[in-house]
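A.B. asks: Chains as they are written, first to last, in full-length UniProt numbering: chain G, 1 to 147; chain E, 1 to 147; chain W, 1 to 147; chain B, 1 to 147; chain L, 1 to 147; chain Y, 1 to 147; chain X, 1 to 147; chain D, 1 to 147; chain F, 1 to 147; chain Z, 1 to 147. Think of the CB as a built atom: it goes at the ideal place given N, C-alpha and C, for glycine as much as any other residue. Take a look at this one; I'll ask things after.
This is the structure in structure tokens:
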């Protein structure tokens, strides 16, 4: 049983138990964004968190143990994603990549926005012309070190 | 002179004239995010906008004309970007791709977040532990049509 | 049992029961185009639809449940398809891609044809020189938002 | 001067002369779909057609000659297109590829829809919820020969 | 049991029963070229043909049924084949590709040689300096349709 | 001036002088298949042949010299060809690759068909249902050496 | 049980029985180079050879049969090998490829060194500064046929 | 003028001056294998060697200087070479890669054959059945260091 | 049971037994860097080392035997790694690759740093602004041999 | 003149002026590692640094300006580097990637070693058995943020 098997098992048990990702996030005790990423095999749970999730989803011991191991990250099966929802985010990087670069360098100088010291919040934005997905990302700016 | 040549010319003239992307956005008359993307070859300017930019940057007539043609979009030279700043965004898609998918489907059902009916805002978020890059994205949710 | 297993099972049971895709579409209650895509793992069924299909094809409970989960879309095993029938469609994109782009922009301006708010109809077009495949596609035009 | 140079020249001259693809199609004497593909380097013009286009766009003799040579086809710079409009068509192949295959085989048996003995028509479909792009494709069905 | 499993089973049973591809082609009732392609998972057998092959090779019912389903074609595990015999054919396409194109267009005009309305014959050509493989291919010429 | 430039120059001069590949083959003194491949940059001409072609097409001295140098072979810009005519040959390798392998091994044992000690002949095959392209290939069989 | 399974089984049994590749080559009756390639799934054994190997390694009947079938060749899991020992050979092709080409053409004219009518010998070359691997390759020169 | 330009220039001047690679190797003062690799942009010449070559081939000063700079190595335009002569060497790595690995490890233990402390000799091997290319490679064995 | 299975088993047993990589390195009797690489399938253990590890982790006999076989090296599932920690090292090669090359050649001349006669040491570097990872690599310089 | 042109110019002028990277680093006023990376197009110089370098190497004004613009980073022409020196570093990532991951996580928990807040030092390590390249890398550990 590897980490992908654990992810598959979590998705199936979650469906069977009619739990939402928000429900599971409460059990984990973090935001729904971080918790979902963790349960989908991208983050590492503490022993207490893993056991709580295991209890809620009737996971076997080995799965509970695996949730505490740092996973080999990367959630997609191909370099260019085929799923239309996920592709739209890839498209944003493709179309706006140099724009991100130009504006962040203009504001901060040479460096990057951290994808590690990072958090985000995904919510529904009501709109009479059709509701919108609103995503707020916040990552620490890390300047290139000179030496 | 193709669109990439126009982009290169804009970057050079902008540097020589000590103009910021924010300055150019005022000339264009849209947000700095949209305007920068447009000037980097990803969006289409109106005739008035193109002429105003042309005047500010001393662009030749052919460049002004090209800015009004819908460009072949995609700003990066490889499928997986090598630039560290842009790669971090690709990494977010790779690590959080299935999380975006899970949470948007939980909130909205099957569909996508539009990358066309889309806007964003990139700002500095002051933080005593080091300032942060804050990006707010908003895209219309488009449900899959059944028929 | 993942979604691909469900797709394989549906194909085999359909063959054994001598049902056509048109028969299954009636059970689903949508067009044969949408229903086939759904049964081949690209769309999401409602609970009632999934149960009806499950009954018609003797699918196990887990398969019925999976049909109601939004799938990771993309039906092909390689970026350039090897199957001759499917390749011809890829070839149309390769040969006519810039033509689609030129004509849609001429008619509508900058934007895209939605592949989400989209429907299609595939029929036989009798022709004395050999019958033809006729495909009518209709997708909402989405203009690029300026902001 | 190779065929790509001719294509670039046509795009630029067309913009300068404020001609539409529909205007050029009248000069060519075929549908706007076929004519645009030809002028974008995918089809072969007759001598008369090439000269008429050359006259309308002030093309040099060598360009007029090149338009009569069968081109090396394929209009896109990468196997997976980056341009959002063109990508949507690739996405349709990716998502609906096996559906095209299933339905055409159900109707016609083993074989393909020709992309050579093929024509299409692209029009605006007025719709109160937002106009739609309507594309009608028609390709001869070619059964696999047994021998 | 998918189509690849059926192919593997056919290869093994054929070896065990000491049958040649020519023997199997007689049972199928077509040329050895078409029959071998069909048994290797690239063509579709009729019910009678599938049953005859099933009887000769003691195939299970499910395999016999699968042989009647139109397969997802493409027999090679990588885009550039690694097997030396098959690579030589790929090399012919690589080295002679533009020659095929130039000569067919010179003789027929713009269009293609069909790979669907196609047949071939592979025989031994005795030669005192070493026997040769002789392959005769014949494919219908399909002119590009103008419209 | 590299070999690709020589190829481009030959194609242009040939068009201007209204010469066919068959005409040029007579000047070269070999079959139209070999001669066309040579003039398209895949084979090496003798000094006499290069000079004869140079005279017929008014090629500069440097081009005549280059035609006598063994070229870096491979005539296509991508591993999977995009041109529909050439792709059909790639498709034949993809679909019939394992069939070629099975039948040649059945007839000759382990080894390959040479693509070097190889010749071919491409002709029009008149057919009331539409003329066909007929290609006869002949390559020496080379058995794997054991040692 | 496919050919890869046979290869895996041979490697495991060989380790268990403490046999060297040289020992197995004696049983096969050919050089250690050819025999190892054959046992690693790249060459075809005669019935007598397969049975001798089967007896020495306690292989099941099906494995003995598979060793007599011409395999789909290619021993590496990726186009650019990751194993450092094998990569060094790929590096030699990358760095010295054009040198091989220049020197063989200078000596022999246009053509290739056969990889089929080929043999090699791999030995230890004692050297006070550290022993060396010595590989002698010999392949028949095959001139390009003109016709 | 970069190193590739220098390589192109050397190839052209060598042809014009009717010099062989062996002639140039004498001028360089090393084997024809090493010298050819160096002149094709893969090795670094000393100042004396570069000047001698420059004099023999009338190279400009900048080219002479470039020959003394360590080049970015790798002589082929694609990961899998398309040229048939060079491809055969790639095929040897593909088919015999695991054999090289097995035999070198059997003789020497874990480690590699150096491609740096390496030399080779390429000669004609007369053979009544057709002359052969004989290549002797010798590379220092480097054991993996444990620590 | 292949080597990857052995690696998976080691990771799971290590977690269950609450052993650290440092603990296992003591059992192996080498540095934690080399030992971890070996246990993750990249190096070869001696019989005594393999048995000691097998005893500590309750590995089956076959796993103990496999640990003594030289593995096919390469620990990552894709050419460009997706895991953020490992990607940072790839990024260092991408960004600093030509810098490594320039500085090593300036200091040592043409040649390479061995990745075989190589060792490294990875430690925590306390720092008030946040602890740092310190990696010391040492590889023998190998000059290119001239001959 | 883009940034790559500036890099080429710097390399040529540096050779002509017989300056070492260490000399240029003194002019820049940072370590030879950072300065070389900057001059090879990977880092951003201040105005004073750019002017000092420009004076030392007689660079044109435009080059001096470009050195102050944040570059699009990534110094290698292909995803897997072909240059043997640089490949060895890629090989270290391939072979030791999971070892880096295991040991850093064991010491620090989930997170990464920064490639931005990073410095390194490359020196010669004298050794009687052959001098060694010693590289000390130090990157800040960044723990994954939970939220």
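#1: Could you have a look at residue 143 of chain G and say whether DSSP puts it in helix, strand or coil?
#2: Would you mind giving the Cβ-Cβ distance between residue 83 of chain Y and residue 73 of chain B, rounded to the nearest angstrom? I have them listed as a contact below 8 Å.
#3: Using the rule of at least 16 other Cβ atoms within 10 Å of the residue's Cβ for burial, across every protein chain shown, is residue 120 of chain X buried or exposed?
#4: Give the residues of chain W in contact with residue 84 of chain Y, contact being defined as C-beta atoms less than 8 Å apart.
#5: Kindly say whether residue 80 of chain Y, judged by its beta-carbon, lies nearer than 8 Å to any beta-carbon of chain D.
#6: Among G:27, G:32, G:2, G:4, which one has its Cα closest to the Cα of residue 103 of chain E?
#7: Measuring only the C-alpha atoms, how far is residue 66 of chain W from residue 52 of chain W?
#8: Name the one or two DSSP bridge partners that residue 125 of chain F has.
#9: Going by C-alpha distance, which of Z:41, Z:37, Z:141, Z:17 is nearest residue 25 of chain Z?
#10: Residues of chain W with a CB under 9 Å from the CB of residue 65 of chain L: which are they?
#11: Can you list, in chain order, the residues of its chain with a C-beta nearer than 8 Å to that of residue 138 of chain L? Leave out the 5 residues immediately preceding and following it.
#12: Bridge partners for residue 138 of chain L per DSSP, in chain order?
#13: Quick one: grab the DSSP three-state call for residue 97 of chain Y.
#14: With distances taken Cα to Cα, identify the nearest neighbour of residue 101 of chain G among E:89, E:95, E:109, E:110.
#15: According to DSSP, which residues form a beta bridge with residue 112 of chain X?
#16: With distance defined between alpha-carbon atoms, name the residue in G:42, G:3, G:98 nearest to residue 144 of chain Z.
#17: Rounded to the nearest angstrom, what separates residue 80 of chain E and residue 87 of chain E at their Cα positions?
#18: I'd like to know whether the C-beta of residue 144 of chain Z is nearer than 8 Å to at least one C-beta of chain X.
#19: Which whole-angstrom value is the C-beta distance of residue 40 of chain B and residue 75 of chain B, which I expect to be below 8 Å?
#20: Which bits of chain W does residue 34 of chain E rub up against, with CB to CB less than 8 Å?
#21: Can you tell me which of L:61, L:147, L:94, L:146 puts its alpha carbon nearest to the alpha carbon of residue 15 of chain W?
#22: When the Cα atoms are used, what is the spatial distance from residue 30 of chain E to residue 122 of chain B?
#23: Which same chain residues end up closer than 6 Å to residue 134 of chain Y when comparing Cβ atoms and leaving out the 5 residues on each side of it in sequence?
#24: Tell me the DSSP secondary structure of residue 151 of chain L in three-state form.
#25: Should residue 1 of chain Z and residue 85 of chain F be called a contact, given that it needs their Cβ atoms to be closer than 8 Å?
#26: If the cut is a Cβ gap below 9 Å, which residues of chain X does residue 8 of chain L touch?
#27: Is it buried or exposed for residue 97 of chain L, if we count other Cβ within 10 angstroms and need 16 for buried?
#28: Note down, in chain order, each residue of its chain lying with its Cβ closer than 7 Å to the Cβ of residue 27 of chain E, except the 5 sequence neighbours on either side.
#29: Whole angstroms are fine: how far does the CA of residue 111 of chain Z sit from the CA of residue 141 of chain Z?
#30: Which stretch, first to last residue, makes up the alpha helix (DSSP H) that contains residue 9 of chain E?
#31: For chain W, find out if any of its Cβ atoms is closer than 8 Å to the Cβ of residue 37 of chain L; answer yes or no.
#32: Just by C-beta distance, which residues in the segment 109–127 of chain Z are closer than 8 Å to chain G?
#33: Tell me the residue span of the alpha helix (DSSP H) that contains residue 54 of chain Z.
#34: Using the beta-carbon count (16 or more within 10 Å), is residue 91 of chain L buried or exposed?
#35: Determine the DSSP secondary structure at residue 30 of chain G, reduced to helix, strand or coil.
#36: Compare the C-alpha of residue 20 of chain L against each of Y:50, Y:5, Y:109, Y:63 and name the closest.
C.D. replies: The structure says:
#1: strand
#2: 5 Å
#3: buried
#4: 91, 95
#5: no
#6: G:32
#7: 14 Å
#8: F:132
#9: Z:37
#10: 12, 15, 16
#11: 118, 119, 120
#12: L:119, Y:134
#13: helix
#14: E:89
#15: X:142
#16: G:42
#17: 7 Å
#18: no
#19: 6 Å
#20: 146, 147
#21: L:61
#22: 32 Å
#23: 123, 125
#24: Outside the modelled stretch of chain L, which goes from 1 to 147, sits residue 151 of chain L, for which no answer is possible.
#25: no
#26: 2
#27: buried
#28: 52, 53, 56
#29: 7 Å
#30: 3–16
#31: no
#32: 109, 110, 111, 112, 114, 116, 117, 118, 119
#33: 47–57
#34: buried
#35: coil
#36: Y:109
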